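A short worksheet on the structure shown next.
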Amino acid sequence: MLNRHTAALAALLLIGAAPLAQAADKPTDPQIAHIAYTAGTIDIEAAKQAIKKSKNKEVVDFAKDMERDHEAVNKQALDLVKKLKVKPEDNATSQALSKAAKEERAKLAKLKGAAFDKAYIENEVAYHKQVNGALETLLIPSASNAELKSLLETGLKIFQGHEQRAEHAAGMPK
Amino acid sequence: MRRALTVPKRHLWIALALIISVTPANAETIEVTIEKLVFSPANVEAKVGDTIEWVNKDVFAHTATVKGGWEVTIPPKSSAKLTLKKVESVDYFCRFHPNMKGHVTVTSP
Ligand SMILES: [Cu+2]
Chain V
0 MLNRHTAALA
10 ALLLIGAAPL
20 AQAADKPTDP
30 QIAHIAYTAG
40 TIDIEAAKQA
50 IKKSKNKEVV
60 DFAKDMERDH
70 EAVNKQALDL
80 VKKLKVKPED
90 NATSQALSKA
100 AKEERAKLAK
110 LKGAAFDKAY
120 IENEVAYHKQ
130 VNGALETLLI
140 PSASNAELKS
150 LLETGLKIFQ
160 GHEQRAEHAA
170 GMPK
Chain P
0 MRRALTVPKR
10 HLWIALALII
20 SVTPANAETI
30 EVTIEKLVFS
40 PANVEAKVGD
50 TIEWVNKDVF
60 AHTATVKGGW
70 EVTIPPKSSA
80 KLTLKKVESV
90 DYFCRFHPNM
100 KGHVTVTSP
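Going line by line, the protein sequences match chains V and P. No gaps in the numbering here: position 124 of the first sequence is 123 in numbering that gives the first Met the number 0, and each next residue is one more. No gaps in the numbering here: position 36 of the second sequence is 35 in numbering that gives the first Met the number 0, and each next residue is one more.
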């Protein structure tokens, strides 16, 4: 169980890391906007699954907060791209993130009860860590528009806050 | 005749003193702005009876939570108040985003 988990996590990180490294040259603002929006959407989907499946109040509350915050960030992102007349552009990083997330959701769909809760929270920790890393080292430094950069910086703080909460929840005795 | 006059006058002073002690005339409202997940000022010094008003400029809900103590929820693009009731020096954080931190020092008026 633990082994399978570690392997899946390593795979997720690898899938995520490879395209991020490829794009490291210089993702454009339209690509960055697409990646940020996709990253938010993935966490919203994960939250919806948890709200539906979990019976644990703490887990459901956490998932609802994730859904609410990421919907708010994504709404801001949409408003901004509209204002800047930027068309978010699909790219290898967005696709890799979506693919890994789809696999994770399928894996979680097979779990129930405490096993589901544990896997969901652990994945939330890993996922937020991964996105934080991408924001800090690649997306924020690459963004050329000041407003987009500022939105990404707020997004980073939101993701960091969520990571801390997920870590706290993961460390709690169930 | 003069004596009779001084008695009600003293009563008046006592009554006035009571009113002042119940609702201190100098109670203040201290504003803390929340913007981009930052409380500012992060440190607040207040007196018992003062009110803190958190003004949330973010599109996210936040809280000001003291572990084992009070909690205020501040909805997005909104504000919320708390009147300080006792002498204390406490750290507070946002329950939704624990990386948001602040401190309140409350002294006697
Ligand atoms: Cu918050």
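Ideal placement from N, C-alpha and C gives every residue a C-beta, glycine not left out. Values in this document were obtained by computation on a predicted structure and should not be read as measured data.
Looking only at V:Ser-149, V:Asp-78, V:Ala-32 and V:Gln-94, the smallest Cα-Cα distance to V:Pro-87 is reached by V:Ala-32. P:Glu-44 and P:Val-86 have their C-alpha atoms some 11 angstroms from each other. Separation of the CB atoms of V:Ser-97 and V:Pro-26 is rounded to 16 angstroms, and the pair is thereby denied contact status at 8 angstroms. Per DSSP, the beta bridge partners of P:Gly-101 are P:Tyr-91.
Collapsing the DSSP output to three states places V:Asn-122 in a helix. Close CB contacts of P:Thr-72 within its chain, under the 7 angstroms cut and outside five residues either way in sequence, are with Ala-60, Thr-62 and Ala-79 (chain order). Sixteen is the threshold: since fewer than 16 other Cβ atoms of the shown chains lie within 10 Å of the Cβ of P:Ser-88, the residue is exposed. Fewer than three beta-carbon pairs drawn from the region 108-115 of chain V and the region 124-135 of chain V are found closer than 8 angstroms, and the two stretches are therefore not classed as touching.
When DSSP reads this structure, V:His-161 sits in no beta bridge, so it has no partner. Collapsing the DSSP output to three states places P:Glu-27 in coil.
Counted as a single uninterrupted DSSP element, the alpha helix (DSSP H) harbouring V:Lys-51 occupies residues 28-52. In the same chain as P:Thr-28, and ignoring 5 residues on each side of it, the C-beta atoms closer than 6 angstroms to its own belong to Thr-50 and Glu-52, in chain order. Listed along chain V, the residues sitting closer than 9 angstroms to P:Lys-35 by beta-carbon distance are Ser-149, Glu-152, Thr-153 and Lys-156. Taking the C-beta atoms as reference points, V:Ala-169 is found no nearer than 8 angstroms to V:Glu-57. The criterion of a C-beta distance shorter than 8 angstroms is not satisfied by V:Arg-164 and P:Pro-74. Contact between V:Ile-34 and V:Asn-90 holds: CB atoms are separated by about 7 angstroms, below the 8 angstroms threshold. Neighbours of P:Asn-55 in chain V, taken as residues whose beta carbon is under 9 angstroms from its own, are absent, since the nearest beta carbon is some 12 angstroms off.
When DSSP states are grouped into helix, strand and coil, V:Val-80 belongs to the helix group. Under DSSP, the beta-bridge partners assigned to P:Thr-82 are P:Thr-50. A direct Cα-Cα distance of roughly 10 angstroms separates P:Thr-106 from P:Lys-84. For P:Thr-62, no alpha helix (DSSP H) run applies; the uninterrupted beta strand (DSSP E) run containing it begins and ends at 61-64, by DSSP. For the 8 angstroms CB-CB criterion, V:Glu-66 and V:Val-124 do not form a contact.
Per DSSP, V:Thr-136 is not a residue of any alpha helix (DSSP H), being assigned neither H nor E. At least one heavy atom of ligand 1 lies less than 7 angstroms from the C-beta of P:Phe-95. For P:Phe-92, the closest alpha carbon among the candidates P:Asn-42, P:Thr-82, P:Ser-77 and P:Lys-56 is that of P:Asn-42. DSSP places V:Glu-102 inside the alpha helix (DSSP H), whose first and last residues are 91-108. Looking at P:Thr-64, P:Val-37, P:Leu-81 and P:Ser-77, the one whose alpha-carbon comes closest to that of P:Lys-46 is P:Leu-81.
Per the C-alpha coordinates, the member of V:Ala-49, V:Asn-144 and V:Gln-30 positioned closest to V:Ala-108 is V:Ala-49.
DSSP, reduced to helix, strand and coil, places P:Val-58 outside both helices and strands of the structure shown, so it counts as coil. With a 10 Å radius around the Cβ and a threshold of 16 neighbouring Cβ atoms, V:Leu-138 comes out buried.
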